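Sequence lines, in order, name chains A and B.
Per our numbering, the very first residue in the first sequence carries number 544; after that it's consecutive.
Per our numbering, the very first residue in the second sequence carries number 544; after that it's consecutive.
Even glycine gets a Cβ: it sits at the ideal position worked out from N, Cα and C.
The model shown is predicted, which means the values in this text are computed figures rather than measured ones.
Working notes for the structure below.
There are 2 protein chains.
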Amino acid sequence: MWPSSTVQQAISAVLCIAAARGEPVRAGAIADATGAPRNYLSKILHALARAGVLSSERGPRGGFRLAEPANQLTLAAVAEPFERLGQRRCLLGRPTCGDANPCAAHRRWSKVASSLEEYFQTTTIARLLDDASPAGASRA
Amino acid sequence: MWPSSTVQQAISAVLCIAAARGEPVRAGAIADATGAPRNYLSKILHALARAGVLSSERGPRGGFRLAEPANQLTLAAVAEPFERLGQRRCLLGRPTCGDANPCAAHRRWSKVASSLEEYFQTTTIARLLDDASPAGASRA
DNA sequence: GGCATTTATCATGTCTATATGATAAACTTT
DNA sequence: AAAGTTTATCATATAGACATGATAAATGCC
Numbered sequence: 544m545w546p547s548s549t550v551q552q553a554i555s556a557v558l559c560i561a562a563a564r565g566e567p568v569r570a571g572a573i574a575d576a577t578g579a580p581r582n583y584l585s586k587i588l589h590a591l592a593r594a595g596v597l598s599s600e601r602g603p604r605g606g607f608r609l610a611e612p613a614n615q616l617t618l619a620a621v622a623e624p625f626e627r628l629g630q631r632r633c634l635l636g637r638p639t640c641g642d643a644n645p646c647a648a649h650r651r652w653s654k655v656a657s658s659l660e661e662y663f664q665t666t667t668i669a670r671l672l673d674d675a676s677p678a679g680a681s682r683a
Numbered sequence: 544m545w546p547s548s549t550v551q552q553a554i555s556a557v558l559c560i561a562a563a564r565g566e567p568v569r570a571g572a573i574a575d576a577t578g579a580p581r582n583y584l585s586k587i588l589h590a591l592a593r594a595g596v597l598s599s600e601r602g603p604r605g606g607f608r609l610a611e612p613a614n615q616l617t618l619a620a621v622a623e624p625f626e627r628l629g630q631r632r633c634l635l636g637r638p639t640c641g642d643a644n645p646c647a648a649h650r651r652w653s654k655v656a657s658s659l660e661e662y663f664q665t666t667t668i669a670r671l672l673d674d675a676s677p678a679g680a681s682r683a
C-alpha cells in the first residue's frame, strides 16, 4: 500500500542533493544524512542517474547532482525507476479492469488512486524543499 | 504503493462470499471464481476467519460465511490481517514523522494518505456489491 | 462406526525486495 | 605517471511475500 523503503530512500536522497543547490553530494554524505545503508543507496543513486534524474561524477570533487532544476523534478520521476506508478493496480487484481470494463470497486477506487497518482505527478522536489524551510526562505 | 496481491485476493474472496447471501461458500469455489491459487487462498481465508471477518465450518455443507453483515464490514477490516493500514508510512520513512514533527513532505502527503485510509475505512463490502450490480438491484 | 467432504495446519519451495562486501573503473590532484 | 577519492558493477546473502503439496482434524451423511 504505502511507498516501498527503496522509494523512501530515493526521495530522501534526492531531497538531500537538491538542498545542496548544485554542489555535488557524495553518496557517503547522503547515507549519513538519511540513514540509508551505503551500498544499497549506491545502487539507488546509480539507478536514478541512469534514469536521467541525477548526474554523477567520479573521483575527488565528484558526487551526485540533480540533472534538471528542482522545480521541474516531480516525485513521479524519482519513484518511477523503482515502482510502476503508471500501471495503476485494480483493487481486486483484475488485469482487464478499467473504465470500460470496471470491477466492483473500480468507480470509487479509481478516484482515490487518481489522487494518489496526481500527488506524485504534481509534487516537485522544489515544493518539498520550500515546505520544509520556514516561509519565505526561497528567493521568491 | 498499490495493494498487495494478498489483499487483492482477500477482498475478492470476501466479495465472492458476500454475494452468496449467507450460504456457505467452499474454498475451491472461491478459487475457481477469483483465479487465486487454492492452497494460498486457504491460508488467506483462515487468516480472515481468525480475524473475525469470516466464520468457517468444516465437512460437507461447510465453507465460509461473513461473520457480520456486509454493510458493517469495511475494506479496512478485510485488509487489516495482511497489511498495517493504521501505521501510515511517512513518505521519507522517518519513524518520528507526524503532525508535531513533520518531514518535508508531511503536510501535503498526509492529506493523500488520509483519503486513502478513509476509503478503506468507509467502504463496505455491501457498497461494492451494490456498485457491481445494476442500479436498484438491492432490496432498498 | 465408516466414509466422503471440507477446513486447519505443517513442511517446503520460489521469487522479489532489501542489503552487504568486494572489486573495477573513472576522475582529480599532485 | 602515481596516488587517492569516488562512483560503477558484480557476487552473494537475508527476509519476507507468495505459492505448492501433503497430512491432520473436524463435520455431515450413510
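Item                                                                                                                                                                                                     : Value
Got a sec? Which residues, its chain only, sit under 8 angstroms from P567 (chain A) by beta carbon, not counting five neighbours each side?                                                             : E600, R604, G605, G606, F607, R608
So with CB distances below 7 angstroms, who are the chain B contacts of A635 (chain A)?                                                                                                                  : The amino acid at residue 635 (chain A) is misidentified as Ala; the sequence shows Leu. Those within 7 angstroms of L635 (chain A) in chain B are Q551, I554, S555.
Just the chain A side, please: which residues come within less than 8 angstroms of Y662 (chain B) by C-beta, in chain order?                                                                             : R651, W652, V655
Bridge partners of L609 (chain B), per DSSP?                                                                                                                                                             : B:L597
Listed from N- to C-terminal order along the chain, which residues in the segment 597 to 611 of chain B have their beta-carbon within a distance smaller than 9 angstroms of any beta-carbon of chain A? : none
Could you pull the DSSP bridge partners for T617 (chain A) from this structure?                                                                                                                          : A:T667
Excluding the 5 residues preceding and the 5 following A669 (chain B) in the sequence, name in chain order all residues of the same chain whose CB lies nearer than 7 angstroms to its CB.               : A613, N614
Span of the alpha helix (DSSP H) holding T577 (chain B)?                                                                                                                                                 : 570 to 577
Under the assumption that R564 (chain A) contacts A574 (chain A) (Cβ atoms under 8 angstroms), give the Cβ distance between them as a whole number of angstroms.                                         : Actually they are not in contact, since the Cβ atoms of R564 (chain A) and A574 (chain A) sit about 20 angstroms apart, beyond 8 angstroms.
Out of A:E660, A:V655, A:D674, A:R651, point me to the one whose CA is closest to A675 (chain B)'s CA.                                                                                                   : A:R651
Below 8 angstroms on the Cβ atoms is my contact criterion, and I expect E626 (chain A) with M544 (chain B) to pass it. Report the Cβ-Cβ distance as a whole number of Å.                                 : 6 angstroms
Can you tell me the Cβ-Cβ gap for G641 (chain A) and Q552 (chain B), rounded? I've got them flagged as a contact below 8 angstroms.                                                                      : The pair is not a contact, with the Cβ atoms about 20 angstroms apart (cut-off 8 angstroms).
Using a Cβ-Cβ cut-off of 6 angstroms (strictly less than) and excluding sequence neighbours within five positions of A683 (chain B), which residues of its own chain qualify?                            : In this prediction, A683 (chain B) scores a pLDDT of 43, lower than 50, which makes its location untrustworthy; no coordinate-derived value is stated.
Taking 9 angstroms as the CB-CB limit, is E623 (chain A) close to chain B?                                                                                                                               : no
Using a Cβ cut-off of 7 angstroms, pull out every chain B residue sitting near R632 (chain A), in sequence order please.                                                                                 : W545, P546
Take A594 (chain A) and list the residues in its own chain whose beta-carbon comes closer than 6 angstroms to its own, dropping the five residues that flank it on each side.                            : P624
Using a Cβ-Cβ cut-off of 8 angstroms (strictly less than) and excluding sequence neighbours within five positions of L588 (chain B), which residues of its own chain qualify?                            : A556, A570, I573, L597, S599, F607
Tell me the DSSP secondary structure of N582 (chain A) in three-state form.                                                                                                                              : helix
Per DSSP, what kind of secondary structure is W652 (chain B) in: helix, strand or coil?                                                                                                                  : helix
The alpha helix (DSSP H) with A556 (chain B) in it runs from where to where?                                                                                                                             : 548 to 562
Let me know if P638 (chain B) comes out buried or exposed under the rule of 16 or more other beta-carbons within 10 Å of its beta-carbon.                                                                : exposed
Quick check on E661 (chain B): does DSSP put it in helix, strand or coil?                                                                                                                                : helix
For G629 (chain B), decide whether its Cβ has a neighbour in chain A, counting only Cβ atoms nearer than 9 angstroms.                                                                                    : no
Do you know offhand how far S585 (chain A)'s Cα is from L634 (chain B)'s?                                                                                                                                : 20 angstroms
Count the other C-beta atoms from every protein chain shown that fall within 10 angstroms of the C-beta of T667 (chain A), then say buried if there are 16 or more, exposed otherwise.                   : buried
List the residues of chain A whose Cβ lies closer than 9 angstroms to the Cβ of D674 (chain B), in chain order.                                                                                          : P645, A647, A648, H649, R650, R651
Please check if any C-beta of chain B sits within less than 9 angstroms of the C-beta of S585 (chain A).                                                                                                 : no
From B:A656, B:V621, B:L558, B:T577, pick the residue whose C-alpha is nearest to that of Q630 (chain B); which is it?                                                                                   : B:A656
For S548 (chain A), does the count of other Cβ atoms within 10 angstroms reach 16, so buried, or fall short, so exposed?                                                                                 : exposed
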